[in-house]
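Here is the structure we will look at, set down as structure tokens.
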């Protein structure tokens with residue numbers, strides 16, 4: 001089914017780009033997270049300025065048969081504001097670290113957004129009618145005259161009005177994280193969610209803001225002994241008692257909440273033995289996992305480290321079932337990437353709707369897709385140059401030693417300031433959203 | 001300087017891949033925003049290197065490729081590690097992931113150096129044969145610290161990096177004790193603010209080598225001692241003076 005492009009598979013083509021073209025990028029405009037909702041009709045982005053922008057897919061129009069449901073701005077709101085913790089003399093950034101949608105249960109949509117410390121539950125609802133003709137109040141809501149003079153009953157009527165999309169904060173989950181929140185994940189029971197920071201994972205009920213349960217705590221009694229941090233965590237898509245978390249040492253722990261209230265002891269421990277031939281001073285840094293995602297089926301999980309993506313079968317702990325090199329050509333450049341701090345970049349990864357393909361980002365605005373069955377991979381670029389409507393994305397190639405061929409780009413001319421850290425794949429269709437600094441690119445498969 | 005970058009990276013590649021590549025990897029430089037990377041855009045010329053370690057660079061530059069190159073690369077990584085860890089002090093709340101990875105890398109390198117120091121079996125505490133710390137920073141030191149290399153490394157016990165990282169987290173550890181301001185991690189290194197009793201768990205006061213500028217608080221001197229081992233006293237001076 002969903003291939004990654006090239007060959008007999010379909011090809012990706014440009015659909016839309018959002019965000020300013022300006023060369024000078026304001027820090028606040030840098031996109032820090034991208035997430036489709038469960039139906040794929042809504043696409044949310046969060047940025048470093050604490051804003052959340054939600055795009056809605058338009059209904060397919062008969063007049064323009066080629067434009068398949070474009071995403072247009074649906075709602076924009078300020079989710080988090082910069083704060084100052086006076087007790088600790090500390091600024092709390094407004095940057096949105098993660099957004100997670102809740103499964104839709106009524107006409108309204110709900111999402112969780114988080115910065116380093118505080119998680120918020122937002123309700124996004126539409127209003128296209130308003131009540132008119134109140135007995136006691138006028139249109140502005142002021143009391144009307146003497147209520148004792150009202151003698152007849154008048155029922156307000158709903159009058160149509162221009163569509164208004166409202167975002168309102170419904171719950172604020174604060175004061176439970178001492179370190180920086182790196183993940184939030186809604187549980188499959190749809191009632192609870194987990195939030196993970198560098199050293200702890202908490203479990204919340206979506207309705208309760210003044211209490212959370214600490215389910216993982218790896219903070220050593222003596223911080224001198226700290227050698228490992230939690231880098232990501234996610235709930236299993238079907239089993240509400242199971243979750244995983246990844247660490248800076250390249251390992252993944254699967255925990256079962258039925259075993260104990262505090263999951264200090266993992267149920268499964270996934271770790272690939274280090275290849276002694278590729279050992280270097282940077283071994284630990286590059287093995288640090290930056291993202292972990294369960295497949296939709298719940299059978300596999302995928303982890304991203306600095307140079308590769310690995311797919312693990314939950315039934316096999318000693319090694320991944322698949323390993324894909326994202327940008328192996330950087331292995332010889334690690335010293336420089338360490339020097340310029342790129343080696344600490346946190347790339348995320350995502351599955352397609354059928355778990356047959358995976359996608360993750362790289363540098364130079366390149367992103368990579370891997371087809372799991374054919375083992376084919378492709379490098380694509382999110383760039384303004386190819387952003388003509390329905391323009392096919394040309395596979396890119398990085399020259400890895402030897403003579404540089406035409407159409408190849410040498411490793412040394414890659415732009416390491418342009419990095420694609422966040423990508424999202426529509427849950428049902430071949431539509432992807434790729435965040436490149438302050439721009440959001442949307443690509444889709446070519447219609448034949 | 002440019003030469004040195006070239007040299008180091010070539011050797012490192014040779015070491016890792018057993019192949020000789022012609023491309024110097026240090027040409028990879030994110031400071032150059034354009035697609036074409038300037039030939040002179042050597043990482044070593046970037047401002048990050050202007051941290052008062054120029055002397056060391058010059059020395060390396062004059063050397064020929066040889067068995068010391070591996071140690072030189074290690075020294076470069078070590079230097080970077082220290083300067084990056086140091087820059088963590090400047091931030092109110094640095095990334096814990098980054099700090100931990102840096103500290104582990106530092107530990108790893110120190111362990112390795114220690115193991116090499118063991119090479120002459122009789123002297124487990126001898127200074128490593130390669131990348132010897134030189135006393136060239138001595139003039140910047142308070143006269144009380146002679147920074148003798150041998151003793152410096154003999155004191156590089158297995159706990160030294162731990163202590164470094166621990167000292168790093170003094171405010172946090174302190175707050176951990178009171179279970180109040182856990183976030184203050186790395187935020188404030190002025191240990192004089194804290195009761196020495198709060199810090200007593202972190203390091204033995206016996207390690208205090210009596211340096212004048214420091215308060216009698218133990219962790220500061222542990223940090224001092226650890227960095228002395230690495231002949232990075234200029235760094236520690238900077239850090240402590242700034243705080």
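Residue numbers (full-length UniProt numbering), protein chains in the order written: chain A, 1 to 448; chain B, 1 to 243.
All residues carry an ideal CB built from backbone N, CA and C; glycine is no exception.
Given the structure is predicted, the values throughout are model-derived calculations rather than measurements.
At a beta-carbon threshold of 7 Å, none of the residues of chain B lie near residue 183 of chain A; the nearest stands roughly 12 Å away.
Contact annotation, residue 340 of chain A with residue 416 of chain A: C-beta distance approximately 7 Å; criterion of less than 8 Å satisfied. Three or more beta-carbon pairs drawn from the segment 430 to 443 of chain A and the segment 13 to 23 of chain A are found closer than 8 Å, and the two stretches are therefore classed as touching. In the three-state reduction of the DSSP assignment, residue 155 of chain A falls in the coil class, being assigned neither a helical nor a strand state. Residues of chain A with a Cβ closer than 8 Å to the Cβ of residue 101 of chain B are, in chain order, 248, 284, 285, 288 and 344.
Sequence-distant Cβ neighbours of residue 165 of chain A in its own chain, meaning closer than 7 Å and more than five residues away, are 74, 75, 124 and 126. According to the DSSP secondary-structure assignment, residue 113 of chain A is paired through a beta bridge with A:99 and A:120. The C-alpha of residue 72 of chain B lies about 50 Å from the C-alpha of residue 204 of chain A. Less than 8 Å divides the Cβ of residue 367 of chain A from the Cβ of residue 361 of chain A.
Any Cβ of chain A closer than 8 Å to the Cβ of residue 92 of chain B would place that residue at the interface, and such an atom is present. Residues of chain A with a Cβ closer than 7 Å to the Cβ of residue 80 of chain B are, in chain order, 338 and 339. Contact check for residue 174 of chain A against residue 114 of chain A fails: the beta carbons are separated by 8 Å or more. Distance between residue 82 of chain A and residue 171 of chain A, taken at the CA atoms: about 18 Å.
Of the residues assessed, residue 244 of chain A falls on the buried side of the cut-off, its CB having 16 or more other CB atoms within 10 angstroms. Taking all protein chains shown into account, residue 406 of chain A has fewer than 16 neighbouring C-beta atoms within 10 Å of its C-beta and is therefore exposed.
Residue-level contact check: residue 198 of chain A touches chain B, since one or more beta carbons of chain B fall below 8 Å from its beta carbon. Non-local C-beta neighbours of residue 393 of chain A in its own chain, meaning closer than 8 Å and more than five positions away in sequence, comprise 5, 11, 12, 13, 14, 380, 381, 386 and 443, ordered along the chain. Listed as beta-bridge partners of residue 78 of chain A by DSSP are A:51.
Under the three-state reduction of DSSP, residue 344 of chain A is assigned to helix. Interface criterion not met: the Cβ of residue 115 of chain B is under 8 Å from no Cβ in chain A. DSSP places residue 195 of chain A in the strand class (E or B) of the three-state scheme. Residue 302 of chain A is positioned such that its CB atom lies no closer than 8 Å to that of residue 255 of chain A. Shown here, residue 231 of chain A sits in a strand according to DSSP, grouped into three states. Taking 8 Å as the upper bound for CB-CB distance, residue 122 of chain A and residue 167 of chain A are in contact here, some 5 Å apart.
DSSP, reduced to helix, strand and coil, places residue 263 of chain A outside both helices and strands of the structure shown, so it counts as coil.
Taking a Cβ-Cβ cut-off of 8 Å, the neighbours of residue 180 of chain A in chain B comprise 93, 95 and 96, given in sequence order. If you ignore the 5 residues before and after residue 218 of chain A, its C-beta comes within less than 7 Å of the C-beta of 199, 228 and 230, all in its own chain and listed in chain order. The way I'd put it, the segment 208 to 224 of chain A doesn't touch the segment 277 to 290 of chain A; fewer than three beta-carbon pairs between them come closer than 8 Å.
One Cα belongs to residue 193 of chain A, the other to residue 252 of chain A, and the distance between them is close to 19 Å. Residue 94 of chain A and residue 70 of chain B have their alpha carbons spaced roughly 43 Å apart. Unbroken beta strand (DSSP E) runs of no fewer than 3 residues, entirely contained in the segment 371 to 412 of chain A, are found at 377 to 381, 397 to 399 and 408 to 410, following chain order. According to the DSSP secondary-structure assignment, residue 26 of chain A is paired through a beta bridge with no residue. Going by beta carbons, residue 391 of chain A and residue 31 of chain A fall outside the 8 Å limit. In the DSSP secondary-structure assignment, residue 358 of chain A is bridged to A:351 and A:370. Per DSSP, reduced to three states, the secondary structure at residue 145 of chain A is coil, with no helix or strand assignment.
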